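When you read off a place in the sequence shown, starting at 1, and then add 520, the result is the number in this note's numbering.
Don't be surprised by glycine CBs; every beta carbon is placed ideally from N, CA and C.
Everything numeric in this text was worked out from a predicted model, so none of it was measured.
Inspection log for the structure reproduced underneath, given as structure tokens.
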Amino acid sequence: MSTHISQPALEQLFINARTHNAWQKREVSDSTLRELYDLMKMAPTSANCSPARLVFVRSDEAKAKLKPCLMEGNVEKTMSAPVCVIVGMDMQFYDQLPKLFPHADARSWFAGNDAAIQATAFRNSSLQGAYLIMAARALGLDCGPMSGFDAAAVEAAFFPEGHVKANFLINLGYGDATKVYPRSPRLAFDEACRIA
Numbered sequence: 521m522s523t524h525i526s527q528p529a530l531e532q533l534f535i536n537a538r539t540h541n542a543w544q545k546r547e548v549s550d551s552t553l554r555e556l557y558d559l560m561k562m563a564p565t566s567a568n569c570s571p572a573r574l575v576f577v578r579s580d581e582a583k584a585k586l587k588p589c590l591m592e593g594n595v596e597k598t599m600s601a602p603v604c605v606i607v608g609m610d611m612q613f614y615d616q617l618p619k620l621f622p623h624a625d626a627r628s629w630f631a632g633n634d635a636a637i638q639a640t641a642f643r644n645s646s647l648q649g650a651y652l653i654m655a656a657r658a659l660g661l662d663c664g665p666m667s668g669f670d671a672a673a674v675e676a677a678f679f680p681e682g683h684v685k686a687n688f689l690i691n692l693g694y695g696d697a698t699k700v701y702p703r704s705p706r707l708a709f710d711e712a713c714r715i716a
């Protein structure tokens, strides 16, 4: 049976966690990126489809490829981040379903059904990107998720095989808390929710 996690854990994951745009000059190691993925991959996706494909952009060469793909307002914070994660979505994810969902012929649910492929890849890679943010926070990292990039240019530069599409980006590292914007308001329960 699961138990309620501690208040400090809730604060780290949700309450005190912020979107970061400025970064400390601290590297994120390969072992941390592997640990991050190993946590993220355990979270649920529909039929365990796991369509996210990640590129951890860290080297100067990779950042030089990413830079012209970014909107002007996202260049500095991305180039100064230790890592920028490209969260892609594999539009051929269903080819992995015999391995990932072996107890049913789940591949047949998607093969040739473009609407189901598009919706499933987008929804579930978005979920996986959100799980990545939570896993990163659990490991003591900060995140700066964003849109604001030329998806076609990112795909040409990082997914030239053609079947992986760019969903969104997440800057990753150790944030500079002195440069965080004031927290914006959130909707109250009664403004966003109803119990039916």
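Quick one: Cα of Y701 to Cα of D662, how far?
14 Å
Specify, as a first and last residue, the run of the beta strand (DSSP E) that P564 falls within.
From DSSP, P564 is part of no beta strand (DSSP E); its letter is neither H nor E.
Kindly indicate which three-state DSSP category F613 falls into: helix, strand or coil?
helix
Does DSSP classify F576 as helix, strand or coil?
strand
When we look at the beta-carbon of D625 and count the other beta-carbons within 10 Å, is it buried (16 or more) or exposed?
exposed
Starting from the Cα of K500, find the closest Cα among G660, L692, Q648 and give me that residue.
It is not possible to answer for residue 500, since the shown part of the chain is limited to 521 through 716.
Cβ pair count under 8 Å reaching 3, the stretch 607-618 against the stretch 630-642
yes
Helix, strand or coil: which one does DSSP assign to F630?
helix
Going by DSSP, what residue range makes up the alpha helix (DSSP H) through A676?
671-678
Specify, as a first and last residue, the run of the alpha helix (DSSP H) that N568 falls within.
Counting along the chain, N568 falls outside any alpha helix (DSSP H), and DSSP gives it neither H nor E.
Can you tell me where the alpha helix (DSSP H) with F709 in it begins and where it stops?
709-712
Taking C-beta to C-beta, are K685 and M609 nearer than 7 Å?
yes
Put T523 into one of helix, strand or coil per three-state DSSP.
coil
Give the straight-line distance between the Cα atoms of V595 and R627, rounded to the nearest whole angstrom.
39 Å
Along the chain, where does the alpha helix (DSSP H) that runs through K597 open and close?
592-600
Between the CA atoms of T698 and R657 - distance to the nearest angstrom:
18 Å
Spatial neighbours of A563 within its chain, please: C-beta separation below 6 Å, excluding the five flanking residues on both sides.
Y651
For R554, count neighbouring Cβ atoms within 10 angstroms of its own Cβ and tell me buried if that reaches 16, exposed if not.
exposed
For T565 and V575, what's the separation of their Cα atoms in angstroms?
19 Å
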